[in-house]
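Written below as C-alpha cells is the structure these notes are about.
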Amino acid sequence: MVGCSHLDLSAPADGDRVVTGVISTGGEESLPDNSEVWVRVLDFSRGESRPEVLGEQTIKNPGHLPVEFKIEFRAEDAALRQYVSIDARVSVGRQLRYYTASRQPLSPGMLGEPVTVRVVPASQL
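Each residue of the sequence shown is one higher than the last, beginning at 2 in this note's numbering.
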C-alpha cells in the first residue's frame with residue numbers, strides 16, 4: 002500500500018477511551034471573556050479523598066454554556082463500572098461560578114454517545 006504509511010492501522014490498546022459531551026446548566030448561559038471550563042475524568046478507586054485524574058480538558062473563553070468537550074483517557078472496564086466519573090468546574094476571573102454538585106458516573110456504555118454534565122451555581126455550595 003504505497004501512500005498509506007502515514008495511517009495508524011494498529012488497534013487501540015485495551016482500556017483506551019474517549020468521552021465526548023457538553024457541560025450545561027440546563028439552559029443557555031453567556032460567559033464573559035475571562036471564563037474557563039475545566040473538565041476531568043476521575044478514578045475514585047482509591048477513595049473519595051484521593052481521586053486519580055485520568056484525563057482532562059481546559060476550555061478558555063468558551064463564550065457560553067453549554068460547551069462541548071472531548072477527553073481521551075485510559076481505564077479498564079472494571080474501573081469504569083464502579084469508580085470513574087466526570088467532574089466539571091466553570092470559573093470567571095478565577096472565581097468558581099459553576100461546578101458538578103455530585104459525582105457523575107461514567108460507564109462503558111456511555112462512551113459511544115455524547116454525555117451531558119450538569120453544573121450548578123457555586124452559590125449552592
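Quick reminder that beta carbons are idealized off the backbone N, C-alpha and C, glycines included. Values in this document were obtained by computation on a predicted structure and should not be read as measured data.
Suppose the cutoff is 6 Å on Cβ atoms and the five residues either side in sequence are ignored; what does the same chain contact list for residue i look like?
i    : result
V116 : G22
R104 : S86
F45  : P52 and Y84
Below 8 Å on the Cβ atoms is my contact criterion, and I expect residue i with residue j to pass it. Report the Cβ-Cβ distance as a whole number of Å.
i    : j   : result
V42  : I24 : In fact, because the Cβ distance is near 13 Å, the residues do not count as touching under 8 Å.
A76  : R18 : 6 Å
Y100 : V68 : Not confirmed; about 14 Å, so no contact.
L107 : L81 : 6 Å
Tell me residue i's beta-bridge partners as DSSP assigns them.
i    : result
T117 : V23
S92  : E37 and L97
G56  : V42
Q105 : I87
E30  : L66
R18  : F74
Taking the continuous alpha helix (DSSP H) assigned at residue i, which residues delimit it?
i   : result
L81 : D78 to Q83
Under 7 Å Cβ to Cβ from residue i, same chain only, skipping five residues before and after it: list those, please.
i    : result
N62  : D34 and S36
G64  : L32
A123 : L97, R98, Y99 and Y100
V54  : R41 and L43
I want to check one thing, is the minimum distance from the CB of residue i to the heavy atoms of the ligand COA below 7 Å?
i   : result
L66 : The ligand content of the structure shown is nil, which means the ligand COA is not present either.
For the beta strand (DSSP E) that residue i lies in, which residues bound it at each end?
i   : result
R75 : V68 to R75
Short of 8 Å in beta carbon distance, which residues of its chain neighbour residue i, apart from the five on each side in sequence? Order them along the chain.
i    : result
M2   : Low confidence applies here, because M2 scores a pLDDT of 47, under 50, leaving its location unreliable and the question unanswered by this model.
Q125 : A102
G27  : R119
Answer with yes or no whether the minimum CB distance from residue i to chain C is below 8 Å.
i   : result
E29 : Although the question refers to chain C, the structure presented lacks it and comprises just one protein chain.
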